[in-house]
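K.L.:
Please find one structure pasted underneath; my questions will follow.
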Amino acid sequence: MPITANKPICLTGYTLIETLFVLTITLGLFLFPSLSVSAWQKQMTIEQFFAQFESRIYATQKIAIVSQQATRIFYDQSKNQIVFDVPNPNLGWSTLEVPDEITVQQMEKLIFASGTGNESSLQAYRFYWTNKRQTIVYQFQLGSGRYIKKIE
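Structure, rendered in structure tokens:
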């Protein structure tokens, strides 16, 4: 009497549908994080643009006060960048590139007075964020050099 019984070996394989199902799930697990990171990265680029814009406004105003010379901010449409015209242009931040997702709708020349840093007009800078369908407005207040940021 044999100790082990010889059982017929039954090899079952995966069907084409099961293989495609596993492949789809696996690809989804790999592609989903990369696609979500890409969208997150674009949003962070835009938010960083506005943070840099705000800090450079303050820096330009402070330079007008300290250097006793007028400073300007204007938009160069041909290069799609905002120019911060200060007495020492070698600061490394005299231009700010506008991201492709942002459309500049209104941007007039802004001049901060020497010594006081005040801005004597009611200029408004208007940006349109196409992905979020939002308009971001920087409305400057008369005589103070301060601004109000509105998101519409």
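Okay, so the sequence shown: first residue is -5 according to the working numbering, each after it adds one. Glycine is no exception: its CB is placed at the ideal position from the N, C-alpha and C atoms.
Would you kindly check if the distance between the Cβ of L90 and the Cβ of I76 is under 7 Å?
P.N.:
Result yes, Cβ atoms of I76 and L90 sit closer than 7 Å.
K.L.:
Count Cβ pairs between the stretch 87 to 101 and the stretch 64 to 74 that sit closer than 8 Å; are there 3 or more?
P.N.:
These segments touch.
K.L.:
Let's see if you can read the secondary structure: which residues bound the alpha helix (DSSP H) around A107?
P.N.:
First-last for A107: undefined, no H or E at that position.
K.L.:
Below 8 Å, how does it come out for the stretch 43 to 61 and the stretch 104 to 120: are there three or more Cβ pairs, yes or no?
P.N.:
The stretch 43 to 61, when compared against the stretch 104 to 120, does touch it at the 8 Å Cβ threshold.
K.L.:
Looking only at its own chain, which residues have a Cβ that is under 8 Å from the Cβ of Q42, when we skip the five neighbours before and after it?
P.N.:
Result list for Q42: empty, nothing under 8 Å.
K.L.:
Just how far apart, CA to CA, sit N145 and V60?
P.N.:
Note on residue identity: the sequence assigns Ile, not Asn, to residue 145. If I take the Cα positions, the gap works out to 32 Å.
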